[in-house]
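Residue numbers (this note's numbering): 207 to 344.
Don't be surprised by glycine CBs; every beta carbon is placed ideally from N, CA and C.
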Amino acid sequence: MSSYVEHANITVNNLHSTIHFLQSAMPDFRVRGEGRNQHYGWCHLGTETSYIALQEVVIDKPVERIPYRQLGTNHIGFVVDDVTAVSMRLKAKGFTQVEFNESHPSRKRAYFLDDDGIEWEFIEYLTDSLVKRNDYLL
Numbered sequence: 207m208s209s210y211v212e213h214a215n216i217t218v219n220n221l222h223s224t225i226h227f228l229q230s231a232m233p234d235f236r237v238r239g240e241g242r243n244q245h246y247g248w249c250h251l252g253t254e255t256s257y258i259a260l261q262e263v264v265i266d267k268p269v270e271r272i273p274y275r276q277l278g279t280n281h282i283g284f285v286v287d288d289v290t291a292v293s294m295r296l297k298a299k300g301f302t303q304v305e306f307n308e309s310h311p312s313r314k315r316a317y318f319l320d321d322d323g324i325e326w327e328f329i330e331y332l333t334d335s336l337v338k339r340n341d342y343l344l
């Protein structure tokens with residue numbers, strides 16, 4: 207068996223807002239489980255084989271961070287069937303697209319910010335060839 211990412215755990219301000227964002231982009235994502243303990247609310251959102259674990263903020267202290275320049279997560283990428291359709295759904299819901307001007311013959315990508323300012327990447331592969339998908343020289 208090859209190793210793979212099963213889930214990532216992200217702390218957000220509002221579970222329902224982030225669930226709305228992710229389901230707008232990927233309507234096939236379902237709530238696998240959710241609840242609330244004495245400290246915070248949580249939700250596992252995704253498919254049968256992978257998901258995003260969402261946890262609500264406990265201590266609301268703003269963090270000053272320059273993405274891609276300082277320690278921290280920059281974005282999480284999801285493979286989708288149609289990145290143009292994802293982009294249209296997210297724009298229709300008022301989410302902000304991040305400018306990205308790099309093209310590649312084997313993939314299309316779009317980046318969006320959710321209500322917390324978390325960046326999410328959506329990738330559509332245009333080939334089944336793993337060699338072409340993983341070409342980083344272009």
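Asked: Residue from GLY247, SER312, ILE225 whose Cα sits closest to the Cα of VAL264; Found: GLY247
Asked: Simplified DSSP assignment, three categories, for ARG339; Found: helix
Asked: Local Cβ density within 10 Å of MET324, reported as buried at 16 or more and exposed below that; Found: First, the amino acid is wrong: residue 324 is Ile here, not Met. Looking at its Cβ environment, which holds 16 or more other Cβ atoms inside 10 Å, ILE324 is buried.
Asked: Beta carbon of PHE227 nearer than 8 Å to that of LEU251; Found: no
Asked: Whole-Å CB distance - TYR257 paired with HIS213, under 8 Å assumed; Found: 5 Å
Asked: Cβ neighbours of GLY239 in the same chain (closer than 7 Å, five flanking residues each side left out); Found: HIS250
Asked: DSSP three-state assignment for VAL218, whether helix, strand or coil; Found: strand
Asked: Cross-strand partners of TYR317 (DSSP beta bridge); Found: VAL304, GLU327
Asked: Beta-carbon spacing of LEU332, ARG315 below 8 Å; Found: no
Asked: Sequence-distant residues of its chain with Cβ nearer than 8 Å to ASN280 (five each side left out); Found: PRO273, TYR274, GLU325
Asked: Ranges of the beta strand (DSSP E) found wholly within the region 241-268, counting only runs of at least 3; Found: 247-252, 257-262
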